Amino acid sequence: ENREKRYDFIDNASSMGLEPDHVKYCLVIAVNIDQEDHPYHFIALTEKEISDAKSLEEVANVS
């Protein structure tokens, strides 16, 4: 019943993961619980946009 909302859930998880100031990247792995034979349904590495950072130097200083 939530099938139509799956990408909304993924987008929300990515946004929440990138929310803290110290986070620059977020790895999202989504599992389809209806297909137990697949290890995952969706995987993405998201990056905080430069406009969200205080300065370009802050983005370049990945530790």
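So the sequence shown is numbered by the UniProt record's numbering: it starts at 1 and just counts up by one. Each residue gets a CB set at the ideal place from its N, CA and C atoms; glycine is no exception. Note that this is a predicted model, so its numbers are computed, not measured.
Inset, instruction - Could you have a look at E49 and say whether DSSP puts it in helix, strand or coil? - result: Correct three-state label for E49: coil.
Legend entry - Simplified DSSP assignment, three categories, for Y40: Coil.
Legend entry - Cutoff 7 Å; reference I29; Cβ partners in own chain excluding five residues on either side: Sequence-distant Cβ neighbours of I29 in its own chain, meaning closer than 7 Å and more than five residues away, are Y40 and I43.
Inset, instruction - Check I33 in the structure and name its three-state DSSP category. - result: Residue state for I33 is assigned as coil, using DSSP reduced to three classes.
Inset, instruction - To the nearest angstrom, report how far apart H38 and V31 are at their CA atoms. - result: The alpha-carbon separation between H38 and V31 amounts to approximately 8 Å.
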